[in-house]
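Asker:
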Amino acid sequence: MSTAGKVIKCKAAVLWEEKKPFSIEEVEVAPPKAHEVRIKMVATGICRSDDHVVSGSFHWPLPVILGHEAAGIVESVGEGVTSVKPGDKVIPLFNPQCGKCKVCKHPEGNVCLKSSLQQPQGTLIDGTSRFTCRGKPINHFIHTSTFCQYTVVDEMAVVKIDAASPLEKVCLIGCGFTTGYGSAVKVAKVTQGSTCAVFGLGGVGLSVIMGCKAAGASRIIGVDINKNKFAKAKEVGATECINPQDYNKPIEEVLKELSDGGVDFSFEVIGRLDTMLSALLCCQNSYGVSVIVGVPPDSQNIPMNPMLLLTGRIWKGGIFGGFKSKDSVPKLVADFMAKKFSLDPLITNVLPFEKINEGFELLRSGKSIRTILTF
Ligand code: PAD
Ligand code: ZN
Ligand code: ZN
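If you're matching positions, the sequence shown starts at 1 in the UniProt record's numbering and goes up one per residue.
This is the structure we're talking about:
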């Protein structure tokens, strides 16, 4: 029996309060309105950005259904939707592409003006929520809210992918892989034969390493305080790994010594102000490029000596690896299907959706790279 046009009752992981576990609840998911799409979730990854909301370092209106790195199947569509239809395999886009705004029209722009990343908005773009739990509306999260058996997204925040793709793997193209890989190949534009330093060897940092390797870097130095992350980093392309806690001088000094004065490209993939500065400091004056990938704590600033930039370093950042999401996600899925890269090294754990709290504990304790929750 078709569920189109009807409210669907299903399970969701609701975050009622910061610093508390998720609560598996029965929620009501309203049908999609015009230009909206309802998706049956198949798999979702757990990304550190979700945990930033739980820990309170990234404030979001609560209660909320988090989750943004996922893949699923279209259940039904609202009026006027043309780019997807029921039955299509899709990836929700936390960094949407409306295609009409100034940024979307710019050849290099990828943070659409309709994105809620800069201005947290717990609704769809019409200003209302499709989720209700215990009679209360529940907030959406960055256009996606994938910790739910069904979600509703705006058409600008979903894209059709190859019908043959394995959703429990390509869900990582919805965030972690694409962010890291694009930060290397598109934001930094890593060059052949270069030396790179990657701070933070989680799912996103490992994807940065894959991008550096694909771009032909000859040295890729991984930096992490958890040495258990080193083996995997080497497996995906790091040529050496260092732990800042093994040295009695600042890590930027160690990296400068290792690289004859400074690396060509550095990446901060943790989300800390001190390591963002170290990453800038370790890159070569005159031409070194440092890229911020980690999400910093809300409303905090870095004191920085402008001489660092005056002498020619380039300091950049990027959301979703600089990629325009609707244009790039189907192409990256096609590249995955053509075996141009593997996602297997990133997937360390697979759990049923109901075990979401266990999945977050694995991330917090440094024991997982990516946990995939399956529905
Ligand atoms: P993760 O927690 O799996 O990896 C972070 C790694 O950093 C871990 O291996 C830690 O051991 C390591 N680490 C922690 N503190 C330090 C330190 N002081 N020095 C060295 N290493 C340290 O996270 P992730 O890979 O899922 O995400 C990494 C960051 O990227 C995080 O801030 C997340 O919010 C951000 C992100 N940004 C985007 C974007 O579009 N820019 C997208 C997705 C994730
Ligand atoms: Zn993410
Ligand atoms: Zn736009």
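Where a beta carbon is used, it is the ideal one built from N, C-alpha and C, also for glycine.
These numbers come from a predicted model, not from an experiment.
1) Is Leu277 near ligand 3, with its Cβ less than 7 Å from a heavy atom?
2) Provide the residue span of the beta strand (DSSP E) that contains Arg370, from first to last.
3) Pick out whichever of Val90, Leu201, Leu167 has its Cα sitting closest to the Cα of Met156.
4) So does Val103 have its beta carbon nearer than 7 Å to some heavy atom of ligand 3?
5) Is the region 162-170 touching the region 320-333 in the sense that three or more CB pairs, one from each, lie closer than 8 Å?
6) When you compare only the Cα positions, how much space is there between Val295 and Asp246?
7) List in chain order the residues whose CB is within less than 6 Å of at least one heavy atom of ligand 2.
8) With distances taken between CB atoms, is the gap from Lys160 to Val84 smaller than 8 Å?
9) With 16 as the cutoff for other CB atoms within 10 Å, does Gln284 come out buried or exposed?
10) Would you check if the distance between the CB atom of Ile8 and the CB atom of His68 is smaller than 8 Å?
11) Just to confirm, does Gln121 get its C-beta within under 7 Å of one of the non-hydrogen atoms of ligand 3?
12) Under the criterion of a Cβ to heavy atom distance below 7 Å, does Phe230 qualify as lining ligand 1?
13) Look up Pro96 in the DSSP assignment and say whether it is helix, strand or coil.
14) Which residue marks the beginning of the beta strand (DSSP E) containing Arg38, and which one marks its end?
15) The beta strand (DSSP E) spanning Lys11 covers which residue range?
16) Sort Val54, Ala197, Cys241 by Cα distance to Ser290 and report the nearest one.
17) Would you kindly work out how many angstroms separate the C-alpha atoms of Ala217 and Asp264, rounded to a whole number?
18) Nearest to Met276 by CA position, among Ala215, Phe199, Phe230, Leu343, is which residue?
19) Could you check what DSSP says for Cys112 in three-state terms: helix, strand or coil?
20) Pick from Lys234, Gly202, Val223, Thr191: whose alpha carbon is nearest that of Ala214?
21) Take Leu346 and list the residues in its own chain whose beta-carbon comes closer than 8 Å to its own, dropping the five residues that flank it on each side.
22) Using a Cβ-based criterion (distance less than 7 Å to any ligand heavy atom), does Gln97 qualify as near ligand 3?
23) Roughly how many angstroms separate the alpha carbons of Phe131 and Pro137, rounded to a whole number?
24) How is the alpha helix (DSSP H) around Val190 delimited, first residue to last?
25) May I have the straight-line CA-CA distance separating Gly317 from Gly109, to the nearest angstrom?
26) Val27 and Cys10 look like a contact to me (Cβ under 8 Å); what is the Cβ gap, rounded to whole Å?
27) Across which residues does DSSP place Asn226 in a beta bridge pair?
28) Please state whether DSSP places Asn357 in a helix, a strand or coil.
29) Given that a residue counts as buried once 16 or more other Cβ atoms are within 10 Å of its Cβ, and exposed if not, what is Met307?
30) I need the straight-line Cα distance from Val350 to Ala231, nearest angstrom please.
31) Looking only at its chain, what residues have a beta carbon closer than 6 Å to the beta carbon of Ile319, apart from the 5 residues adjacent to it on each side?
32) Expressed to the nearest angstrom, what Euclidean distance is found between the alpha-carbon atoms of Leu309 and Ser278?
33) Could you check what DSSP says for Phe341 in three-state terms: helix, strand or coil?
Answerer: The structure says:
1) Here residue 277 refers to the residue found at position 277 of the sequence shown. No, since every heavy atom of ligand 3 falls outside the 7 Å radius drawn around the Cβ of Leu277.
2) In the sequence shown, the residue the question calls residue 370 occupies position 370. From DSSP, the beta strand (DSSP E) with Arg370 extends over 370-374.
3) On the sequence shown, position 156 is the one that residue 156 refers to. If we check each option's Cα against that of Met156, Val90 comes out closest.
4) The residue you call residue 103 lines up with position 103 of the sequence shown. True, at least one ligand heavy atom lies under 7 Å from that Cβ.
5) yes
6) The residue you call residue 295 lines up with position 295 of the sequence shown. The residue you call residue 246 lines up with position 246 of the sequence shown. When rounded, the distance between both Cα atoms is 26 Å.
7) Cys47, Ser49, His68, Glu69, Cys175, Gly176
8) By 1-based counting over the sequence shown, the position of residue 160 is 160. By 1-based counting over the sequence shown, the position of residue 84 is 84. It is a contact, given that the beta carbons lie within the stated cut-off.
9) Mapped onto the sequence shown, residue 284 falls at position 284. Answer is buried; the Cβ neighbour count reaches 16.
10) Position 8 of the sequence shown holds residue 8. Position 68 of the sequence shown holds residue 68. Against a cut-off of 8 Å, the Cβ pair of His68 and Ile8 comes out as no contact.
11) Along the sequence shown, read from residue 1 onward, the residue named residue 121 stands at position 121. Answer for Gln121: no, Cβ out of range of ligand 3.
12) As a working mapping, residue 230 is identified with position 230 in the sequence shown. False, no ligand heavy atom lies under 7 Å from that Cβ.
13) Position 96 of the sequence shown, counted from the start, is the residue given in the question as residue 96. Of the three classes helix, strand and coil, the one that applies to Pro96 here is coil, per DSSP.
14) Indexing the sequence shown from 1 puts residue 38 at position 38. Element bounds for Arg38: 36-45.
15) Position 11 of the sequence shown, counted from the start, is the residue given in the question as residue 11. Taken as a continuous stretch (DSSP letters only), the beta strand (DSSP E) holding Lys11 covers 8-14.
16) One-based indexing of the sequence shown puts residue 290 at position 290. For the residues Val54, Ala197, Cys241, the minimum Cα distance to Ser290 belongs to Ala197.
17) Mapped onto the sequence shown, residue 217 falls at position 217. Mapped onto the sequence shown, residue 264 falls at position 264. Cα to Cα, Ala217 sits roughly 10 Å from Asp264.
18) Position 276 of the sequence shown holds residue 276. The residue with the shortest Cα to Cα distance from Met276 is Phe199.
19) The residue labelled residue 112 in the question sits at position 112 within the sequence shown. Correct three-state label for Cys112: coil.
20) Numbered from 1 along the sequence shown, position 214 holds the residue referred to as residue 214. Of the candidates Lys234, Gly202, Val223, Thr191, the one whose C-alpha sits nearest the C-alpha of Ala214 is Thr191.
21) One-based indexing of the sequence shown puts residue 346 at position 346. Excluding positions up to five away in sequence, the list reads Leu172, Gly176, Phe177, Gly203, Leu206, Ser207, Ile369, Arg370.
22) Within the sequence shown, residue 97 is the residue found at index 97, counting from 1. Answer for Gln97: yes, Cβ within range of ligand 3.
23) Locating residue 131 in the sequence shown gives position 131, where the first residue counts as 1. Locating residue 137 in the sequence shown gives position 137, where the first residue counts as 1. Each residue's alpha carbon lies about 6 Å from the other.
24) To locate residue 190, count along the sequence shown from 1; it is residue 190. Segment: none, Val190 is in no alpha helix (DSSP H) and carries neither H nor E.
25) Numbered from 1 along the sequence shown, position 317 holds the residue referred to as residue 317. Numbered from 1 along the sequence shown, position 109 holds the residue referred to as residue 109. Answer to the nearest angstrom: the Cα atoms are 13 Å apart.
26) Position 27 of the sequence shown holds residue 27. Position 10 of the sequence shown holds residue 10. About 7 Å separates the two Cβ atoms, so the contact holds.
27) The sequence position of residue 226 within the sequence shown is 226, counting from 1. None, per the DSSP bridge assignment.
28) To locate residue 357, count along the sequence shown from 1; it is residue 357. Helix, per DSSP.
29) Here the question's residue 307 lines up with position 307 in the sequence shown. So Met307 ends up on the exposed side.
30) Taking the first residue of the sequence shown as 1, we reach residue 350 at position 350. Taking the first residue of the sequence shown as 1, we reach residue 231 at position 231. Their backbone Cα atoms lie some 20 Å apart in a straight line.
31) Taking the first residue of the sequence shown as 1, we reach residue 319 at position 319. Closer than 6 Å at Cβ, skipping near neighbours: Asn95, Val111.
32) Working through the sequence shown from its first residue, we reach residue 309 at position 309. Working through the sequence shown from its first residue, we reach residue 278 at position 278. Each residue's alpha carbon lies about 14 Å from the other.
33) If you number the sequence shown from 1, residue 341 lands on position 341. Coil at Phe341, not helix or strand.
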